[in-house]
Amino acid sequence: MKATSFRINRALKEMEEEIVKRNDVTKASIHRKAIKNFYEASDHKILDKFLIKEKKSPDYVERKEKEAVYLSEEMEKKLQEIAEENNCNISTAFFYALTIYVTREYSRL
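In my numbering, the protein residues as written are 670 to 778.
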């Protein structure tokens, strides 16, 4: 496992923390499931608005919160593959995978 960090937005961080609290799970398990689910159960397509790099764009999705992440080699390879398919970096791939997973799990609380 390799320790790293990615940027996410505040709303996502708050939803993730609520899931951790209510379901008695770790952030690491949420990260693993988010990456696995997006890799295995989707077409790997990241919505265009998540790919916008220009911070002045009105559609830019801000990511100001730092999220500590432990990545296995396998998780990193999956993120890299998704990133290459979408012409972005693994940080964007992680943020999108986490957004999809956390939004779904939060709606079940």
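Note that the Cβ used here is the ideal one computed from N, Cα and C, for glycine as well.
Since the structure is predicted, the reported quantities are computational estimates derived from the model, not experimental observations.
Is any heavy atom in the ligand MG found nearer than 7 angstroms to the beta carbon of S760?
This structure does not include the ligand MG; it has no bound ligands of any sort.
If I'm right that E686 touches I699 with Cβ under 8 angstroms, what's the distance once you round it to whole angstroms?
Translated into the one-based positions of the sequence shown, residue 686 becomes position 17. Translated into the one-based positions of the sequence shown, residue 699 becomes position 30. So it is not a contact: roughly 10 angstroms between Cβ atoms.
Among L778, R777, I769, S776, which has the Cα closest to the Cα of K714?
Here residue 714 refers to the residue found at position 45 of the sequence shown. Taking only the C-alpha atoms, the option nearest K714 is I769.
Where T670 falls, given that 16 or more other Cβ within 10 Å makes a residue buried
Start at 1 with the first residue of the sequence shown, and residue 670 comes out as number 1. Going by the sequence as given, residue 670 is Met instead of Thr. Looking at its Cβ environment, which holds fewer than 16 other Cβ atoms inside 10 Å, M670 is exposed.
In the DSSP assignment, find the unbroken beta strand (DSSP E) run with K696 in it and report its ends.
The sequence position of residue 696 within the sequence shown is 27, counting from 1. Taken as a continuous stretch (DSSP letters only), K696 belongs to no beta strand (DSSP E), being part of the alpha helix (DSSP H) at 696-709.
From R691 to K746, what distance separates their C-alpha atoms?
Along the sequence shown, read from residue 1 onward, the residue named residue 691 stands at position 22. Along the sequence shown, read from residue 1 onward, the residue named residue 746 stands at position 77. Computed Cα separation, rounded: 31 angstroms.
Ends of the beta strand (DSSP E) at L740?
Along the sequence shown, one-based indexing puts residue 740 at 71. Where L740 is concerned, the enclosing beta strand (DSSP E) stretches over 734-740.
Would you grab the beta carbon distance between A672 and A762 for me? Rounded to a whole angstrom, and I think it's under 8 angstroms.
Here residue 672 corresponds to residue number 3 of the sequence shown, with the count starting at 1. Here residue 762 corresponds to residue number 93 of the sequence shown, with the count starting at 1. Their Cβ separation, rounded to whole angstroms, is 18 angstroms, which puts A672 and A762 out of contact at 8 angstroms.
Are L716 and V771 touching if we call contact CB-CB under 8 angstroms?
As a position in the sequence shown, residue 716 is number 47, starting the count at 1. As a position in the sequence shown, residue 771 is number 102, starting the count at 1. Their beta carbons are not under 8 angstroms apart, which means L716 does not touch V771 by this criterion.
Using DSSP's beta-bridge definition, name the partner residues of I677.
Taking the first residue of the sequence shown as position 1, residue 677 is located at position 8. I677 is bridged to E734.
How many Å lie between A697 and S726 at the Cα?
Here residue 697 refers to the residue found at position 28 when the sequence shown is read from its first residue. Here residue 726 refers to the residue found at position 57 when the sequence shown is read from its first residue. Spanning the two alpha carbons is a distance of roughly 32 angstroms.
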